[in-house]
Ligand SMILES: *[C@@H]1O[C@H](CO)[C@@H](O)[C@H](O)[C@H]1NC(C)=O
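In full-length UniProt numbering, the protein residues as written are 1 to 224.
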């Protein structure tokens, strides 16, 4: 009797094995087909989002936030307008922390001036966004030029808003901003370098071709 039930159990396992395995494989195959049809992994936009995440060194848990950040207001109701406000605030908070950390006696006028230099649409934020190629990623309406400073800048800021929301706090988004914006070279250092250029221009007449209205963000890095 004991032996019989043992053999019965064995037979049952064998039967179960051969009936269940093919079904598991079948449902696996079905999932693959489902994934191929419904997951937008191969669209150019999704590919661009993958590349962008590699460029900035951050992988989104919810990539939908990055999709939204790369969607201009002209494209759809679901767009990056609110995210870009958050992103702008993340950038300004992080910059304020750094500037005050370096110099607690900085005047409110200087602080404001430096903050506006960092987030100026015409220079800093557009060139950072262009360097990442956001003008080629951001979705806009057919009539909208995606290379205009306003479009590039809102996408750039929205990206940091999206990161902050994805993580649930602003600190890491600020760090990623500094990596993208130009490593740990603070604005103060960039301005010192700019002043050095002015000094060079003023003391070496052969260098007088250098423009006086240089933007600190567009200058090459100082030689270490
Ligand atoms: C789009 O905007 C950029 C930057 O303002 C400009 O250089 C370019 O000529 C514009 N392209 C078109 C097709 O209008």
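Positions of the beta carbon are idealized from the N, C-alpha and C atoms, including for glycine. Model, not experiment: these values are computed from the prediction.
Taking residue 45 as the reference, give the member of 99, 135, 176, 101 with the closest Cα. What you label residue 45 is simply residue 45 of the chain shown in a count that begins at 1. Comparing Cα positions, the closest option is 135.
So residue 157 is in the alpha helix (DSSP H); what residue range does that whole segment cover? Start at 1 with the first residue of the chain shown, and residue 157 comes out as number 157. 149–167 is the extent of the alpha helix (DSSP H) around residue 157.
Residues bridged to residue 71 by DSSP? As a working mapping, residue 71 is identified with position 71 in the chain shown. Partner(s): 139.
Would the beta-carbon of residue 148 be found less than 7 Å away from any heavy atom of ligand 1? As a working note, residue 148 is residue 148 in the chain shown. Correct: residue 148 has its Cβ closer than 7 Å to ligand 1.
Look at the alpha carbon of residue 130 and the alpha carbon of residue 55, and state the distance between them as a whole number of angstroms. Locating residue 130 in the chain shown gives position 130, counting from the first residue. Locating residue 55 in the chain shown gives position 55, counting from the first residue. Rounded to whole angstroms, residue 130 to residue 55 spans 13 Å at the Cα level.
Are the region 138–157 and the region 104–115 in contact at 8 Å, needing three or more beta carbon pairs? Taking 8 Å as the limit for Cβ pairs, the verdict is that the region 104–115 does not touch the region 138–157.
Is it a yes or a no for the region 71–80 touching the region 166–186, going by three-plus beta-carbon pairs under 8 Å? No contact exists between the region 71–80 and the region 166–186.
Residues near residue 106 in its chain [Cβ-Cβ closer than 7 Å; skip 5 each side]: For the purposes of this step, residue 106 is taken as residue 106 along the chain shown, with counting starting at 1. Within the same chain, residue 106 has close Cβ partners 99, 100.
Distance, Cα to Cα, residue 146 vs residue 48? Position 146 of the chain shown, counting from 1, holds the residue named residue 146. Position 48 of the chain shown, counting from 1, holds the residue named residue 48. Near 15 Å, if we compare the C-alpha coordinates of residue 48 and residue 146.
For ligand 1, I want to know if residue 229 counts as a neighbour, meaning its beta carbon is within less than 7 Å of at least one of the ligand's heavy atoms. Here the chain comprises residues numbered 1 to 224, so residue 229 is not present and cannot be evaluated.
So, is residue 80 buried or exposed, given that buried needs 16 or more other C-beta atoms within 10 angstroms? Counting from 1 along the chain shown, the entry for residue 80 is found at position 80. Counting of Cβ neighbours within 10 angstroms places residue 80 among the buried residues, the total reaching 16 or more.
Quick one, which of 123, 170, 152 has its alpha-carbon nearest residue 160's? Here residue 160 is taken as the residue at index 160 of the chain shown, counted from 1. Residue 160 has its Cα closest to that of 170, out of 123, 170, 152.
Opening and closing residue of the alpha helix (DSSP H) in which residue 55 lies: Looking up residue 55 in the chain shown gives position 55. Following the DSSP letters along the chain, one finds residue 55 inside the alpha helix (DSSP H) bounded by residues 44–56.
Pull up the distance between the alpha-carbon of residue 163 and that of residue 96, whole angstroms please. Your numbering for residue 163 matches position 163 in the chain shown. Your numbering for residue 96 matches position 96 in the chain shown. Each residue's alpha carbon lies about 19 Å from the other.
Using a 10 Å radius around the Cβ and a threshold of 16 neighbouring Cβ atoms, would you call residue 104 buried or exposed? As a first step, residue 104 is located in the chain shown; it is residue number 104 there, counting from the start. Label assigned to residue 104: exposed.
Length of the line joining the Cα atoms of residue 118 and residue 42: Within the chain shown, the letter at position 118 stands for residue 118. Within the chain shown, the letter at position 42 stands for residue 42. Residue 118 and residue 42: Cα-Cα distance of roughly 36 Å.
Could you spell out the range, first to last residue, of the alpha helix (DSSP H) harbouring residue 109? For the purposes of this step, residue 109 is taken as the residue at position 109 of the chain shown. Note, residue 109: alpha helix (DSSP H), 108–119.
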